[in-house]
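Undergrad: What follows is a structure written as structure tokens; I'll ask about it next.
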Amino acid sequence: MTFASVGSLVLAGTLLTAALAKRRAPTQFRSILRDLVPGPLVQPLAVVVPAAEALIAALIIAGVATLLSAAAALILVIAFSVALARMWQLGITQDCGCFGEASHASTPASGLLRNAVLAACAVALIGWPPSATWFSDTPSLLVHIVAVAGLFGVWTLTLLLVERRALLIDGEVTL
Numbered sequence: 170m171t172f173a174s175v176g177s178l179v180l181a182g183t184l185l186t187a188a189l190a191k192r193r194a195p196t197q198f199r200s201i202l203r204d205l206v207p208g209p210l211v212q213p214l215a216v217v218v219p220a221a222e223a224l225i226a227a228l229i230i231a232g233v234a235t236l237l238s239a240a241a242a243l244i245l246v247i248a249f250s251v252a253l254a255r256m257w258q259l260g261i262t263q264d265c266g267c268f269g270e271a272s273h274a275s276t277p278a279s280g281l282l283r284n285a286v287l288a289a290c291a292v293a294l295i296g297w298p299p300s301a302t303w304f305s306d307t308p309s310l311l312v313h314i315v316a317v318a319g320l321f322g323v324w325t326l327t328l329l330l331v332e333r334r335a336l337l338i339d340g341e342v343t344l
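Using my numbering, the letters of the sequence shown correspond one by one to residues 170 to 344.
Next comes the structure, spelled out in structure tokens:
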């Protein structure tokens, strides 16, 4: 299993999770968009961004136009990073809305860290594309799924610990 193979699954899984979360609960994402873009662009971006995330994820999973879909993912991650940097510059410390309302512990700084990992996955996929689609080798697919589930679990645990720490510091939770 190559880094590009794992990277493609991480990238596709993250994009798909973000797209579904934004479509399920779009309020936080729209709120952040209102702070970053002119009013007339909020609604179109609230629709187009999750659709683009889902489409790119589907192309990566299917192994269709791998270089193009990885390049599109990289461009999307860079655009998200610019938005996160702008949030940081404006002093917006609330959740980035990257995953709809699913994550309340994500900040612009943690989002930039996550995006650095996703950019590395996209670059690996561009430089070393997997030789076959995931569906051609079922045991390999299962290893990929377990690896991504583990990474997702570690990421979720990290976010929960950060949120708990913030609540402890604010005095909202006692031990």
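Yeah, the Cβ is synthetic: ideal placement off N, Cα and C, and Gly gets one too.
1) Please confirm whether P277 and T235 have their CB atoms less than 8 Å apart.
2) Would you identify the three-state DSSP class for C267, choosing helix, strand or coil?
3) Short of 7 Å in beta carbon distance, which residues of its chain neighbour G280, apart from the five on each side in sequence? Order them along the chain.
4) Using 8 Å for Cβ pairs, my map puts A226 next to L185. What's the rounded Cβ distance?
5) Report the rounded CA-to-CA distance for F198 versus P219, giving the unit in angstroms.
6) Thinking just about the alpha-carbon of each residue, which of A289, I201, L205, I230 is nearest to the one in V246?
7) DSSP three-state label for A301, please.
8) Using a Cβ-Cβ cut-off of 8 Å (strictly less than) and excluding sequence neighbours within five positions of S124, which residues of its own chain qualify?
9) Taking the straight line between their C-alpha atoms, what separation do you get for S238 and L294?
10) Give me, in chain order, the residues of the same chain whose beta-carbon lies closer than 6 Å to that of V216; leave out the 5 immediate sequence neighbours on both sides.
TA: In short:
1) no
2) coil
3) L253, C265, C267
4) Contact annotation, A226 with L185: C-beta distance approximately 4 Å; criterion of less than 8 Å satisfied.
5) Cα to Cα, F198 sits roughly 10 Å from P219.
6) In terms of CA proximity to V246, A289 leads the group A289, I201, L205, I230.
7) Interpretation of A301 is limited by its pLDDT of 48, a score under 50 that renders its predicted location unreliable; no figure is taken from the coordinates.
8) This structure cannot speak to residue 124, because the chain is shown only from 170 to 344.
9) Answer to the nearest angstrom: the Cα atoms are 9 Å apart.
10) none
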